[in-house]
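In the working numbering, the protein residues as written are 6 to 404. See below for the structure under consideration.
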């Protein structure tokens, strides 16, 4: 039986451990992007094959998210999170022995499955330990670990990849999750939804789509899908796109660092505004600002403007996305929030699969970095319209 939010033991320690899990996931997700300028030529991958490899990791995230969301409402969070961390750590290490697109794609798929399964549990834990007036900030604080991990991966790439090769970043990304497991075993208390055993399959489906929530569910899925398409395109391809502007691999790593650093500030800032003002104004405003940043990034040629615009893109994109992680579960009753979150993440991951594939296809067709960035502007605006309708129509449920 889960404890009420204010009585969950060692809430601060639990939040910190969840932050570290998110950080390691962010490190791993960004690792493939910053390693790409070195990895792609060494393994002889075409742009299309690279897109498939990137998409394989996202496909694993889809499978993991929907499975982890279902399990999050039915078993202890601690055991599930430990299994997830072990899976993505081990298969990130397996990347070291990849010899081509097939084996690399398989290892990225399995690592992604571990990461995806962890995410609904991380949201559920954050909502359990947060007081009602700080729910969104708590979720965004925890998930700010992901861009922090991405920034660390970018710094790692800028300082060490040329000297030690692309294998080094996956060695670090695989060992660190495994080293976190003993701390999770000792310090993380277990919890589960008190009503999980009563949330059967039929009632869960009814709760997702019935009682006037059909529109909210579909809008949530569509918003996640479009937002994650842009996010994972940038996470996987931003370093390569910047390098293709003539700014080199170090410039690409710098852009990835700026994107992730901006994401941390955006997650905390927009999350704070959502708790103070409600979700409508901050979320609705974020998307047109993101579209402007993408438009500017398409035309920027010098490193300074590229870094600024990459940081602004991260600020608005991740600020909106992580706030949605904190908002969407509150549109559903407590017993099915893990399922609702996992379903939204899983369906949204279809967009995350599409993002790297779209970038690979556009580059293969000769669009170039500017064309890829410009192609994302209408996607961002469409996601913004969906998010606006969702936040206007949605109503929080306290149960």
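We put the beta carbon where it would ideally sit given N, CA and C, even for glycine. Quick caveat, the model's predicted, so the values are computed rather than measured.
- By the CB criterion at 8 Å, residue 70 and residue 122 fall inside the cutoff.
- Within its own chain, the residues whose Cβ lies closer than 7 Å to the Cβ of residue 395, once the five positions on either side in sequence are excluded, are 221, 224, 225 and 228, listed in chain order.
- With a cutoff of 8 Å on beta-carbon distance, residue 126 and residue 73 are scored as near each other.
- In terms of Cβ geometry, residue 248 and residue 35 do not form a close pair [threshold 8 Å].
- If you draw a straight line from the Cα of residue 152 to the Cα of residue 174, it comes to about 16 Å.
- The residue among 281, 18 and 330 with its C-alpha nearest the C-alpha of residue 349 is 330.
- The shortest CA-to-CA distance from residue 326 to any of 144, 183 and 157 is the one to 144.
- Counting the other Cβ atoms within 10 Å of the Cβ of residue 57 gives 16 or more, which makes it buried.
- Residue 352 sits close to residue 230, with the two beta carbons spaced by under 8 Å.
- About 5 Å separates the CB atoms of residue 32 and residue 158; that is less than 8 Å, so the two are in contact.
- The three-state reading of DSSP puts residue 342 in helix, counting H, G and I together.
- Following the DSSP letters along the chain, one finds residue 42 inside the alpha helix (DSSP H) bounded by residues 16–48.
- Residue range 308–332 is occupied by the alpha helix (DSSP H) that includes residue 311.
- Between residue 239 and residue 29, the CB-CB gap reaches or exceeds 8 Å.
- Between residue 139 and residue 280, the alpha-carbon positions lie close to 6 Å from each other.
- Cβ neighbours of residue 67 within its own chain (closer than 6 Å, five residues either side excluded): 351 and 354.
- The DSSP-derived three-state label of residue 216 is coil.
- Assignment of residue 402 by DSSP, reduced to helix, strand and coil, places it in the coil class.
- The residue from 283, 334, 366 and 376 with its alpha-carbon nearest to that of residue 124 is 334.
- Between residue 116 and residue 93, the gap from beta carbon to beta carbon is short of 8 Å.
- For residue 280, the secondary structure class from DSSP, reduced to helix, strand or coil, is helix.
- For residue 86, the CB contacts under 7 Å within the same chain, skipping 5 residues up- and downstream, are 26, 123, 126 and 189 in chain order.
- Under the three-state reduction of DSSP output, residue 112 falls in the helix class.
- Shown here, residue 104 sits in coil according to DSSP, grouped into three states, outside any helix or strand.
- Under the 8 Å Cβ criterion, the segment 46–61 counts as touching the segment 358–366, having at least three qualifying pairs.
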